[in-house]
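Residue numbers (the working numbering), protein chains in the order written: chain H, 19 to 149; chain S, 187 to 367.
This report concerns only the one structure given below.
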């Protein structure tokens, strides 16, 4: 074959590559096969970890975005946000369980002596009622 | 199921991938390493993509690995050269280099078969001697038969650059292969 122009160079190169592919020696072919098997077994391992991730992702979808998919990153953000919300709610409820009177006393700027007097009058009224 | 599809896909491209890597490195072990790294990367990063996407992705990974090899080799060659040592990879596996197994074009044996073998070796060598970018563009455009846009996308360069590199590669190859005219 004689190469006359650029197209011939491209065409001839293609032919040479094809012929080379078809005539690779046995050792090279065996090594290629071995590499391929290693790659496929790597995919096996990847699939197991992928399945685990898929469950996490699915959980995120159900919890936070039933319409579309939620990626693991955004799911973690959503979980963090949810945990913060729970902490705030629990903290609020705990605070609200304190006796209101005591809280009012602590937060009011009233004179403590007056409050003590009020306690005294309460006690006096109770004694009178009992007496 | 996916393993079978992956195996079939890798089997369909492994020979071509090796030949492309070999044309860049002229070294069997280096070429096999490049193919291995490319396959592993495809599996690790992109095995969840659709099967139709595997081909273009693998081509891009392969070209990227060839570029990495080229850079590493260049740095190594520079260091060896600076130290006054000979770079082992410069030897390009003399025993593996089929070019030496065939007579040169000055041979007096008028055999069509030998002429073809000589031309084959001449083209292989000429491609491997192209500058990396020209070689990549030439392989994608002429061997893989990608169009300009696909080649540009795969290599991450502009379509204009693809045309320029391809034209220069063809010009150089034609010049080097003038003896076969």
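Yeah, the Cβ is synthetic: ideal placement off N, Cα and C, and Gly gets one too.
Please decide whether residue i counts as near chain S, where near means a Cβ-Cβ distance under 9 Å.
{"i": "residue 87 (chain H)", "result": "Legend: pLDDT at residue 87 (chain H) = 49, less than 50; position of this residue unreliable, no value from coordinates given."}
{"i": "residue 92 (chain H)", "result": "no"}
{"i": "residue 108 (chain H)", "result": "no"}
{"i": "residue 61 (chain H)", "result": "yes"}
Could you check if residue i is buried or exposed, using at least 16 other CB atoms within 10 Å of its CB as the buried criterion?
{"i": "residue 204 (chain S)", "result": "buried"}
{"i": "residue 364 (chain S)", "result": "exposed"}
{"i": "residue 337 (chain S)", "result": "buried"}
{"i": "residue 59 (chain H)", "result": "exposed"}
{"i": "residue 110 (chain H)", "result": "exposed"}
{"i": "residue 353 (chain S)", "result": "exposed"}
{"i": "residue 332 (chain S)", "result": "buried"}
{"i": "residue 327 (chain S)", "result": "buried"}
{"i": "residue 208 (chain S)", "result": "buried"}
{"i": "residue 99 (chain H)", "result": "exposed"}
{"i": "residue 240 (chain S)", "result": "buried"}
{"i": "residue 142 (chain H)", "result": "exposed"}
{"i": "residue 213 (chain S)", "result": "buried"}
{"i": "residue 195 (chain S)", "result": "buried"}
{"i": "residue 49 (chain H)", "result": "buried"}
{"i": "residue 244 (chain S)", "result": "buried"}
{"i": "residue 106 (chain H)", "result": "exposed"}
{"i": "residue 279 (chain S)", "result": "Caution applies to residue 279 (chain S), whose pLDDT of 41 falls short of 50 and renders its modelled position unreliable; the value that the coordinates give is listed next. Label assigned to residue 279 (chain S): exposed."}
{"i": "residue 199 (chain S)", "result": "buried"}
{"i": "residue 233 (chain S)", "result": "buried"}
{"i": "residue 329 (chain S)", "result": "buried"}
Interface residues of chain S around residue i at Cβ under 8 Å?
{"i": "residue 58 (chain H)", "result": "189, 192, 193, 196 and 229"}
Would the beta-carbon of residue i fall within 9 Å of that of residue j?
{"i": "residue 318 (chain S)", "j": "residue 210 (chain S)", "result": "yes"}
{"i": "residue 201 (chain S)", "j": "residue 101 (chain H)", "result": "no"}
{"i": "residue 61 (chain H)", "j": "residue 189 (chain S)", "result": "yes"}
{"i": "residue 340 (chain S)", "j": "residue 249 (chain S)", "result": "yes"}
{"i": "residue 303 (chain S)", "j": "residue 362 (chain S)", "result": "no"}
{"i": "residue 309 (chain S)", "j": "residue 31 (chain H)", "result": "yes"}
{"i": "residue 227 (chain S)", "j": "residue 251 (chain S)", "result": "yes"}
{"i": "residue 27 (chain H)", "j": "residue 356 (chain S)", "result": "yes"}
{"i": "residue 191 (chain S)", "j": "residue 247 (chain S)", "result": "no"}
{"i": "residue 64 (chain H)", "j": "residue 221 (chain S)", "result": "no"}
{"i": "residue 320 (chain S)", "j": "residue 358 (chain S)", "result": "yes"}
{"i": "residue 34 (chain H)", "j": "residue 306 (chain S)", "result": "yes"}
{"i": "residue 334 (chain S)", "j": "residue 348 (chain S)", "result": "yes"}
{"i": "residue 215 (chain S)", "j": "residue 255 (chain S)", "result": "no"}
{"i": "residue 57 (chain H)", "j": "residue 225 (chain S)", "result": "yes"}
So residue i contacts chain H; which residues on that side make the cut at Cβ distance below 8 Å?
{"i": "residue 354 (chain S)", "result": "Residues of chain H passing the Cβ test: none, with the nearest at roughly 11 Å."}
Please confirm if residue i has its CB atom under 9 Å from at least one CB of chain H.
{"i": "residue 341 (chain S)", "result": "no"}
{"i": "residue 221 (chain S)", "result": "yes"}
{"i": "residue 360 (chain S)", "result": "yes"}
Which residues of chain H have a Cβ atom closer than 9 Å to the Cβ of residue i, listed in chain order?
{"i": "residue 306 (chain S)", "result": "30, 33, 34, 37 and 38"}
List the residues of chain S that residue i touches, going by C-beta distances under 7 Å, in chain order.
{"i": "residue 104 (chain H)", "result": "Neighbours of residue 104 (chain H) on chain S: none; closest Cβ ~33 Å, over 7 Å."}
Short-range partners of chain H found in the region 233–250 of chain S, where Cβ spacing is below 8 Å: Closer than 8 Å at the C-beta level to chain H, one finds these residues of the region 233–250 of chain S: 233 and 234.
Contact residues within the region 43–54 of chain H, judged by C-beta distance below 7 Å to chain S: 46, 49, 50, 53 and 54
Residues within the region 308–333 of chain S neighbouring chain H, beta-carbon criterion of under 8 Å: 309, 310, 313, 324, 327, 328, 329 and 331
Short-range partners of chain H found in the region 200–215 of chain S, where Cβ spacing is below 7 Å: 200, 201, 202, 204, 205 and 214
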